[in-house]
Amino acid sequence: MLTASCILLTDQPCASADVSGGGLVCAVYGFDPKSAFFRGRPPAQAARTLSSWGVNAVFGGYQDPEVRKALRGHGIRIFAELGCFVGERYWRERPESRPVNDVGQRIAKVKWYAGVCPSQGWLRADIVKRARKLVSRYELDGVWLDFIRYPGHWEAPRPHLEQTCFCAACLRRFLKETGIETPEGLPVREKAHWILANKKDEWTRFKTGSIAGLVREVRRAVTAAKPGTMVGFFAVPWSRDERHGAVLEILGQDHRLLGGWADAVSPMTYHVLIARPASWISSAVSQISRDAGKPVWPVVFVGDQEHPLTAEGLKAAVEAALAPPSGGVILFSLGELERAGRLGEVAPLFETCRRRSGP
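If you're matching positions, the sequence shown starts at 4 in our numbering and goes up one per residue.
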C-alpha cells in the first residue's frame, strides 16, 4: 500500500498502490447507469448484469452513491477518467491556452481534437484540484489521466504531428528552467527554429519533464486526499524511437518518467484506427511494460461506424491485449457496443479474461 509520507515528503518515485485486485482487469470504459440499456434498472440489477458479463472494473458511473454501493457489492472496482490538456472551450475562454507551433501560429483543430498548452499554470492547478475533488467526493479506486501530453492527433495511419508549444508561457518556462538564452529580438518563428536547431534535447527534456511533473502533482494530491487510491494514465502506444521519437519530442510523453509516478499504464491500442493488425497490440503492451515498469491495462477499441470491427476481429484484439505481460484489458467503449447492439459480445470477450486469470 502506498503511504502518504512516501510521496509527499520526497521528489522520488516510490512503491505503487496494490493494483492486482486478484487477477486480470476486465474493464469497460463509459459505463453509464442512465444509458438506454441500464436506464430504469435498479443499481443492484445493473451491477449484477455487469458482473454476469465478467466485468470487474468500470470507468464511469461513479456519481450515484447507490450505484457505487451496488458495484462494490459485486466486486467491481470504480475508476474515473480525468481529461487534461484538451478542449476547444479553453481556446474560447482563455485564448492564450491555444498552443503555438514552430511557425509561430496557433494550432488548428483536427477533426474533434483541440489540444491545449501544458504550460498554463491556471489549468495545471485546476487539473490537480479536480483530481483531489474526485477522490474526496466519490469512493473511487483510481483516477486515470487522459490527454496528458502535448498536442498531437495521433489516432490515424498518418497522424497530424507538429512541434509545440512556443507560446509566451512555454518559452518563459523553458528559458527559466534551463537557463538557456536565445538570441535577442527574434520573432516566435525564428526563436522556435533556433531552439529546435540548437537546443532540441533540452527542449524535449523540458516537455517530458513538464508532463511528468503534472502527474507527480496529481499523484501527491490524490494520495494526500485518499491514500491507496490509484493513479494511472492513458498512453499513446508508440515506442521511444517510433516516428523519429515523436512520443517524446512531439507529445512529451515519456513512459519511463511517467511510470515513476503512476500505478498502472493504459496504452490506447486502437489498432483499427491506425491500420495495424491485432497482433501489434501485444507488442505495444510489451514495449510499454518495459518502459514504464508498471502494470499495463491496454485499451481496445471496439470499432464504430467509420471504423467497423467484426466480432471475430474484436476477439482477436482482446486476445492480443491479454497476452503476457498484460494486466488486463479495457473495452472502449461500452456505449459504442450498446449503440451497435453488441452488448452480447462482452461476456464471451471477458471469458477469455477470466480464463487467463486462473482459478
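Each residue gets a CB set at the ideal place from its N, CA and C atoms; glycine is no exception.
Taking the alpha-carbon of P162 as reference, which of G26, F335 and L276 has the nearest alpha-carbon?
Taking the sequence shown and counting its residues from 1, the one referred to as residue 162 is at position 159. The residue with the shortest Cα to Cα distance from P162 is L276.
Are the CB atoms of A267 and G216 within a distance shorter than 8 Å?
The residue you call residue 216 lines up with position 213 of the sequence shown. The residue you call residue 267 lines up with position 264 of the sequence shown. Not closer than 8 Å, so no.
Work out the CA separation of T185 and W197 for me, nearest whole Å.
Residue numbering aside, residue 197 sits at position 194 when the sequence shown is read from its first letter. Residue numbering aside, residue 185 sits at position 182 when the sequence shown is read from its first letter. So the alpha carbons of these two residues sit roughly 8 Å apart.
When you compare each of L137, N59, I110 and I130 to C168 by their alpha carbons, which one comes out closest?
Within the sequence shown, numbered from 1, the residue matching residue 168 stands at position 165. Of the listed residues, the one whose Cα sits closest to C168 is I110.
Go ahead and pull the three-state DSSP assignment for P46.
Here residue 46 refers to the residue found at position 43 when the sequence shown is read from its first residue. Three-state DSSP puts P46 in a helix.
Looking only at its own chain, which residues have a Cβ that is under 8 Å from the Cβ of F62, when we skip the five neighbours before and after it?
In the sequence shown, counting from the first residue as 1, residue 62 sits at position 59. Closer than 8 Å at the Cβ level, and outside the excluded window around F62, lie A30, V31, Y32, G33, F34, F82, A83, E84, W147 and I333.
Can you grab the Cα-Cα spacing for the pair R175 / R208, in whole Å?
Reading the sequence shown from its first residue, position 172 is the one you call residue 175. Reading the sequence shown from its first residue, position 205 is the one you call residue 208. Going by the C-alpha atoms only, they are around 15 Å apart.
Compare the beta carbon distance of G306 and L317 with 8 Å and say whether it is the shorter of the two.
Reading the sequence shown from its first residue, position 303 is the one you call residue 306. Reading the sequence shown from its first residue, position 314 is the one you call residue 317. Closer than 8 Å, so yes.
Spell out a yes or no on whether the stretch 104-119 and the stretch 43-61 are touching, meaning 3 or more CB-CB pairs, one atom from each, closer than 8 Å.
no
Would DSSP call P186 helix, strand or coil?
Mapped onto the sequence shown, residue 186 falls at position 183. Coil.
Consult DSSP for Y116 and reduce its assignment to one of helix, strand or coil.
Counted from its first residue, the sequence shown places residue 116 at position 113. DSSP places Y116 in strand when its eight states are reduced to three.
Bridge partner(s) assigned by DSSP for P102
Here residue 102 corresponds to residue number 99 of the sequence shown, with the count starting at 1. Looking at the DSSP assignment, P102 forms no beta bridge with any residue, so it has no partner.
Three-state class that DSSP yields for V349 in the structure shown
On the sequence shown, residue 349 is found 346 positions in, with the first residue counted as 1. DSSP places V349 in helix when its eight states are reduced to three.
Take L12 and list the residues in its own chain whose beta-carbon comes closer than 6 Å to its own, dropping the five residues that flank it on each side.
In the sequence shown, the residue the question calls residue 12 occupies position 9. Only weak support exists for where L12 lies, its pLDDT of 34 falling under 50; the value from the coordinates is given anyway. Here the set comprises nothing.
Could you tell me if F210 is buried or exposed, where buried requires 16 or more neighbouring beta carbons within 10 angstroms of its beta carbon?
The residue labelled residue 210 in the question sits at position 207 within the sequence shown. The question names Phe, yet the displayed sequence has Lys at residue 210. By the 10 Å Cβ count, K210 comes out buried.
Beta-carbon gap between V113 and Y93 smaller than 8 Å:
Within the sequence shown, the letter at position 110 stands for residue 113. Within the sequence shown, the letter at position 90 stands for residue 93. The answer is no: Cβ separation not under 8 Å.
Between C87 and the ligand MN, is the CB less than 7 Å from at least one heavy atom?
The ligand MN is not part of this structure, which contains no ligands at all.
Does DSSP put G235 in a helix, in a strand, or in coil?
The residue you call residue 235 lines up with position 232 of the sequence shown. Here G235 sits in strand by DSSP.
Would you call E193 buried or exposed, if buried means 16 or more other Cβ atoms sit within 10 Å of its Cβ?
Here residue 193 is taken as the residue at index 190 of the sequence shown, counted from 1. Exposed, because fewer than 16 other Cβ atoms sit within 10 Å of the Cβ of E193.
For F150 and F177, the rounded distance between their alpha carbons
Counting from 1 along the sequence shown, the entry for residue 177 is found at position 174. Counting from 1 along the sequence shown, the entry for residue 150 is found at position 147. One C-alpha to the other measures close to 21 Å.
Is the Cβ-Cβ distance between L27 and R279 less than 8 Å?
Taking the sequence shown and counting its residues from 1, the one referred to as residue 27 is at position 24. Taking the sequence shown and counting its residues from 1, the one referred to as residue 279 is at position 276. No, these two residues do not count as a Cβ contact at 8 Å.
List the DSSP bridge partners of S269.
Along the sequence shown, read from residue 1 onward, the residue named residue 269 stands at position 266. Beta-bridge partners assigned by DSSP to S269: F237.
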